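To convert, take the position in the sequence shown, counting from 1, and add 21; that gives my numbering.
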Amino acid sequence: MTAQDPASGFPQGKKQLPAFTWEVRANDRNYHMQFKKKFAFCLTKKKYAVNAIKTAKYNIFTFLPLNLYEQFHRMANVYFVFVILLQTFPEISTLPWYTLLFPLSCLLTIRGLRDLIDDIGRHQSDRKINSRPCEILSGKSFCWQKWHNICVGDIIRLRKDSFVPADMLLLCSSEPSSLCYVETADIDGETNLKFRQALLVTHQELVSEESMANFDGRVTCEEPNSRMHSFTGTLEWRGETYSLDSEKILLRGCKIRNTDVCYGLVIYAGFDSKIMRSCGKIKLKKTKLDRMMDRLVIIIFLMLLVTSLCLAVASGFWARTFQEKHSYLSALYKHTTPAQQTFFNFWGFTILLSIIIPMSMYIMFEFIYLVNSFFINWDLEMYYAAKDMPAKARSTSLNDQLGQIEYIFSDKTGTLTQNVMTFKKCCVNGTIYGTGTGHENKQPSGSGLSWNRLGEKKLDFCDTKLLEAAWRDSDPVLREFLRLLALCHTVMVEEKGDQLVYQAASPDEEALVLAARNLGYVFLARTQDTITISELGMKRTYKVLAMLDFNSDRKRMSVLVRDPQGTIRLYTKGADTVILERLRRRGPNENFTQMALDRFAEETLRTLCLASKEVSEAEYSVWSRRHHEASVLLQDRARELDKLYEEMEQNLQLLGATAIEDKLQDGVPETIQLLKLGNIKVWVLTGDKQETAMNIGYACKLLTDDMEILEEKEISEILQAYWVSTDHLGGSGDTLCSGCLSRQRPEALRHKKRALIISGDLLDKILHTREVLKEKKGQLWRWLAFYRATGSQEQGSLVEKAFVDLATSCQAVICCRVTPKQKALIVQLVKKHKKAITLAIGDGANDVNMIKTADIGVGISGLEGMQAVQCSDYALAQFSYLQRLLLIHGRWAYLRICKFLRYFFYKTFAGLMAQVWFAFHSGFTAQPLYEGWFLALYNIFYTAYPVLSMGLLEQDVSAKKSLEFPELYVIGQQDELFNYRVFGITLLHGVSTSLASFYIALWAFEDHVGSKVVGDYESFAVTVATSALLSVLMEIILDTKFWTALSFLMVTASLLLFCLFSFLTQSIDAFRIAPAVFRFPDASWNALTDPYILLVILLSLVVNTIPSLTVRLYCTITGKTTIQQKIHLKARKELEHPVELRAHVRRRSFHRRSSYAFSHQEGYAGLITRGASLRSGGTRGATLGLLCPETTPALSSLPSPSV
């Protein structure tokens, strides 16, 4: 039974707990191999997956059937097979069946080869990854094998800088307390270190290879899942049970850092690993135009059947009437009846008109896609010379959809940012130093940096005034400021030769310590209770009395130290909002610092306030005793420690503020501005914390000062109001959401722009992702719990739609702390409820699922590995290249494909619909009007080349103008260039052209003969064909906006080929050789050398051209401006100011403050004060042989693991 909530009366949703049915036994492969599980009908496979991965779609056996199955999802291919089957019946055949099978085979082969080449690339990537070397415990020793040989339950030895091959339980490492430092750049793009720590029991007991071989622990945990940041399980060993969590798990794809050797037990292998579970499946992507073409093929085929049926029925009536009037010819019809004639004529007309959907169009389609992909690859403006990375179109069939994108879903770290923090500015004692102050990039006078041999050779931050002030050492506040930067942190230091290498838990901390080092205060070493720094060349050691750790609630960290003189001082750094309210007093310097913080915030820099105070011995003695008592509590320990930290961090003296720049990739703000002007909405989906994501949002101009920010509380209120509205009012989602927002937040009416900031936790509640959810109170959650409990799919969909309506009504959306699965889900929801074309861009393995789900996936080929690129449709080196990819190549590709389709259909209808009109004057006998060779060559040589040149080279405006006027991009989003209305107009245009060409010729030939007696059927057919051909070419000439030598050559070639093939196929010699094949001897020569015929053709051309010229004149007179005219009009107006990083409006104290520069996780201070992360002499001396094994000859001969 479902429990009732006493407050609301609604059923409470039960918290879904993971099933602990996954059992792993160490060093026991046979145990795991015996388990099977069903996966399809009665088929089974191994429950425990091997470590080999396969991202390719095909193998040698499945390629042909699976690829053909995918290709026949296109209705056109099914249609062509149907026509070929009809041609196999001699009674109704007009052409040998193999003449149609050949082009269809070519089309299927071209597409198959394209898919095969793409899949071979995936196979090569899989083979490279599966063949990486690793050390697996086999028997009593470790031996080198490949990744694909790893099985669940194996024990693996990993070395520094190697990648983790599977999800493993950390058993021990060469570091103190079996810590292991990992970098997750390959997973989420973050380069800062994260630590994992083994259980104490395995750390102490597994001290040799023999003990590893004898290890028989049993791990019981949750089934394989995609939750990257959670793990729950237990280890049973020697009769004891130990709890396991995510802090003891090494995930596949992580890189071992700062740890010489570590050992792990494989828990999940291959596709069971969390990162592979998050990647999703390869999806067959079709463009919007592709799906529309499938529907158009069905529509055209139905029209063809209806037309053929009408003509066939008419032929039956005509045959009966003819037989009644001409009974003396009854002997000719004794073996056939009007009904039989109707039946055969139906299929005859069907075959005759089947070329309305020509195969050549689809072959040219593939060629245009391929060439447009080459244009992307060859674009030097998208070539990143620094890393020798060109743009790469990995998919050749999605180019036109690049011109229809409505939503972009972007990762943050590594995509928008470089994940590089740079110390830019600081404010100390009423003075601002740094970039933009007029003193930067100059070498200080006097001794310069001679006292700082450990400083950076190349400084990104160099202010002469600050360097000289630090060197003079006359300002005590500045001295304390720099001393704080060198002391108050959790950075680890390692000496490599004569260089100091810092390893920080976050890039922010590393930037601050490096800044202090460059200014003469060098962090040298630390032990469990001391920290040594060099102050202007003088080495000083401070005793660490306590470290008050950072967490997201405190938003600060402190260190309590005793200096060499015996004075106790507290150094604190943290967010300005928490530091300023803990100051002893507020004077002029404090007010100036607050103004400086506002200024730094305007420049979207990440700020920290620095403060200190002197602590008396008596005060410290009392506080230390209470701190010790609180640290050993079994209950409420964290709360009591927070209270003590709060007491100590009072009455501080402000030292100053720092400003760090989270470096964006080049051109990110400008690119986002252009995309927004092109009506493209950019959403940022990141696993980072909210403050960091918001700061990047402001820095890249996604968020602006005039936006109203909707956070968790406002979202809950709006969704509650939405429920009430849907229950009582009904109506569209967009209207309801806007109305709810106005009623719930009346002040929103004064804001034109809104931005939505949402966390992964809240998304879990709203979108039912089946994650293990944290309990939250509130009426909204009771509503959601009620609908989850009732299991109503309709109500669940309403919740999703309400959220999507709210999010899409905002100008910007930032989703924080989201998992890879949630990223893909958000993309899927927008596709589902908004029917919008989406693009996802990312650089890490955690973006792969999102990239596969979106209509277009773009991978950033950065430093963090190539998982995103390998699964993407397009690969770029920089986010800023999106502007050229979409606004130039995408828009041009959409324009070209649409014009190509429009004119291919037009020329087909204009040239071939005359067959229908001829049926009315030939007794509905399905006799062809044109010569067979004209029908065969019309779509291949006579009219194909001008349309092909339009599909390859057409431009409405130049590349420069496309970027200057991104508003032009809206045309593709609104499907203006090719839709059902445009197709209908094209159909009517083609029909009118064919009518004019046919009936003007019929009128001219009726009871008339020329000077050379050319009033025959063959001359009539040549006249109609020539009129239609020239009318089509003239229409293409009028509508071509971008003329090149190739365009001119294509039109000329079409006319020359028409004349050439007409001469060859209608020559007397060809007729003598094969009269059944060449049936029009000298027809064109006789007709086209008669002035009367030439005048008829000219009249048809004029009549067919007048409507197009009239429409263009009407648009000009009524003021419907063309694209070029719009550009000229806009160019006369005052241009907008260029995008700058600096805001133009000063932010006052109540405005948004730039986020604080902390991004690492809680716990590092505890590791340091416990000594868990610090190596001491003689520690685990007995285990050195195990944890630091000597390199064997076999080891040195093997390649080291690489990305």
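Backbone N, C-alpha and C fix where the C-beta goes; we use that ideal spot for every residue, glycine too.
This one's a predicted model, so the numbers in the text were calculated from it and none came from an experiment.
*In chain order, what residues of the same chain have a beta carbon less than 6 Å from the beta carbon of K1062, not counting five sequence neighbours either side?*
The count along the sequence shown starts at 1 and reaches residue 1062 at position 1041. Once the five neighbours on either side are set aside, the close Cβ partners of K1062 are D977.
*asked:* For the beta strand (DSSP E) containing V449, name the first residue and the last one.
replied: Residue mapping note: residue 449 aligns to position 428 of the sequence shown, counting from 1. Where V449 is concerned, the enclosing beta strand (DSSP E) stretches over 438 to 449.
*Boundaries of the alpha helix (DSSP H) in which E1039 is found, first to last residue*: Taking the first residue of the sequence shown as 1, we reach residue 1039 at position 1018. Looking at the DSSP string, the run of the alpha helix (DSSP H) that includes E1039 is 1038 to 1060.
_Residue ranges of each beta strand (DSSP E) within the region 939 to 975, 3 or longer_ = none
*Just checking, does the region 88 to 108 make contact with the region 189 to 204 on the three C-beta pairs under 8 Å criterion?*
no
*Residues near V408 in its chain [Cβ-Cβ closer than 7 Å; skip 5 each side]*: The count along the sequence shown starts at 1 and reaches residue 408 at position 387. In the sequence on display, residue 408 carries Lys and not Val. Correct list, in chain order: A898.
*Short check: CB of A526 to CB of T511, under 7 Å?*
Taking the first residue of the sequence shown as position 1, residue 526 is located at position 505. Taking the first residue of the sequence shown as position 1, residue 511 is located at position 490. Contact: yes.
_Looking at I835: is its Cβ nearer than 7 Å to the Cβ of G708?_
The sequence position of residue 835 within the sequence shown is 814, counting from 1. The sequence position of residue 708 within the sequence shown is 687, counting from 1. A distance of 7 Å or more separates the beta carbons of I835 and G708.
*Is the region 157 to 174 close to the region 246 to 258, with three or more CB pairs under 8 Å?*
Segments in contact, no.
*What residue from L696, E733, G878 has the CA that sits closest to I909's CA?*
Locating residue 909 in the sequence shown gives position 888, counting from the first residue. Closest by alpha carbon: L696.
*Could you pull out every residue in the same chain whose Cβ sits closer than 6 Å to the Cβ of L724, ignoring the five residues on either side in sequence?*
Within the sequence shown, residue 724 is the residue found at index 703, counting from 1. Cβ neighbours of L724 beyond the five flanking positions: G718, A776, A833.
*Look up E682 in the DSSP assignment and give the residues it is bridged to.*
Residue numbering aside, residue 682 sits at position 661 when the sequence shown is read from its first letter. Bridge partners of E682: T443.
_Based on DSSP bridge pairs, tell me the residues matched to K57._
Position 36 of the sequence shown, counted from the first residue, corresponds to residue 57. In the DSSP output, where bridge partners are listed per residue, K57 has K67.
*Nearest-angstrom Cα distance between T679 and L989?*
Position 658 of the sequence shown, counting from 1, holds the residue named residue 679. Position 968 of the sequence shown, counting from 1, holds the residue named residue 989. Distance between T679 and L989, taken at the CA atoms: about 43 Å.
_So, at 7 Å on beta carbons, what are the nonlocal neighbours of A651 in its own chain, with the 5 sequence-adjacent residues on each side left out?_
Within the sequence shown, numbered from 1, the residue matching residue 651 stands at position 630. Once the five neighbours on either side are set aside, the close Cβ partners of A651 are R658, E661, L662, L665.
*Reduced DSSP category for M728 - H, G, I as helix; E, B as strand; rest coil*: For this step, residue 728 is matched to residue 707 along the sequence shown. Strand.
*Determine the direct distance from the alpha carbon of L956 to that of P967, and round the result to whole angstroms.*
As a position in the sequence shown, residue 967 is number 946, starting the count at 1. As a position in the sequence shown, residue 956 is number 935, starting the count at 1. So the two alpha carbons sit approximately 18 Å from each other.
*Best match in L227, Q849, I739, T42 for proximity to I288 [C-alpha to C-alpha]*: Counting from one through the sequence shown, the residue named residue 288 turns up at place 267. Residue T42 is the option with its Cα nearest to I288.
*asked:* Looking at the strands, I want to know which residues DSSP matches up with R561.
replied: To locate residue 561, count along the sequence shown from 1; it is residue 540. Paired residue(s): I554.
*Could you tell me the distance, in whole angstroms, from the CA atom of L875 to the CA atom of Q849?*
Numbered from its first residue, the sequence shown carries residue 875 at position 854. Numbered from its first residue, the sequence shown carries residue 849 at position 828. The amino acid occupying residue 875 in the given sequence is Ala; Leu does not appear at that position. Distance between the alpha carbons of A875 and Q849 is about 7 Å.
*Flag this pair as touching only if the region 52 to 61 and the region 270 to 288 have three or more C-beta atom pairs under 8 Å; answer yes or no.*
no
_Test item: CB-CB of L902 and G424 under 7 Å_ = Taking the first residue of the sequence shown as 1, we reach residue 902 at position 881. Taking the first residue of the sequence shown as 1, we reach residue 424 at position 403. Sequence check: residue 902 is Tyr here, not Leu. No; because the gap between Cβ atoms is not below 7 Å, this pair is not in contact.
_Using the three-state DSSP reduction, which class does C919 fall into: helix, strand or coil?_
Against the sequence shown, residue 919 aligns to sequence position 898. Under the three-state reduction of DSSP, C919 is assigned to helix.
*asked:* Just to confirm the assignment, what range does the alpha helix (DSSP H) spanning E231 have?
replied: Taking the sequence shown and counting its residues from 1, one reaches residue 231 at position 210. Segment 230 to 235, the alpha helix (DSSP H) holding E231.
*asked:* Among the candidates N51, S416, C447, whose CA atom is the shortest distance from the CA of A537?
replied: As a first step, residue 537 must be located in the sequence shown, where it is residue number 516. When each option's Cα is compared against that of A537, the closest is C447.
_In this structure, how does DSSP classify G993 when only helix, strand and coil are distinguished?_
On the sequence shown, position 972 is the one that residue 993 refers to. In this structure, G993 counts as helix in the three-state DSSP scheme.
_I270 to N700 span [Cα, whole Å]_ = Sequence index remark: in the sequence shown, residue 270 carries index 249 (1-based). Sequence index remark: in the sequence shown, residue 700 carries index 679 (1-based). Answer to the nearest angstrom: the Cα atoms are 44 Å apart.
_Every unbroken beta strand (DSSP E) within the region 589 to 662, with a cutoff of 3 residues, ordered by chain_ = 589 to 595, 627 to 636
_Inter-residue Cα distance where the pair is K634 and K702_ = To locate residue 634, count along the sequence shown from 1; it is residue 613. To locate residue 702, count along the sequence shown from 1; it is residue 681. Rounded to whole angstroms, K634 to K702 spans 48 Å at the Cα level.
*M934 versus L323 - alpha carbon distance*: Residue 934 sits at position 913 when you count from the first residue of the sequence shown. Residue 323 sits at position 302 when you count from the first residue of the sequence shown. Taking the straight line from one Cα to the other gives about 15 Å.
*From this set, S375, N393, E624, which residue's C-alpha is nearest L106's C-alpha?*
Looking up residue 106 in the sequence shown gives position 85. Per the Cα distances, S375.
*Closer than 6 Å by C-beta to N393: which residues in its own chain qualify, once you throw out the five before and the five after it? Chain order, please.*
Walking along the sequence shown from the start, residue 393 turns up at place 372. Listed in chain order, the non-local C-beta contacts of N393 below 6 Å within the same chain comprise N420, A914, local neighbours out to five positions each way being set aside.
_Need the endpoints of the beta strand (DSSP E) that V240 sits in, please._
As a working note, residue 240 is residue 219 in the sequence shown. Taken as a continuous stretch (DSSP letters only), the beta strand (DSSP E) holding V240 covers 239 to 242.
*Is F941 buried or exposed, if buried means 16 or more other CB atoms sit within 10 Å of its CB?*
The sequence position of residue 941 within the sequence shown is 920, counting from 1. Exposed is the call here.
*Among T280, S893, R316, Y428, the one whose alpha carbon lies nearest that of K304*: Within the sequence shown, the letter at position 283 stands for residue 304. It is S893 whose Cα lies nearest to the Cα of K304.
*Going along the chain, which unbroken runs of the beta strand (DSSP E) with 3 or more residues stay wholly within the region 354 to 389?*
none
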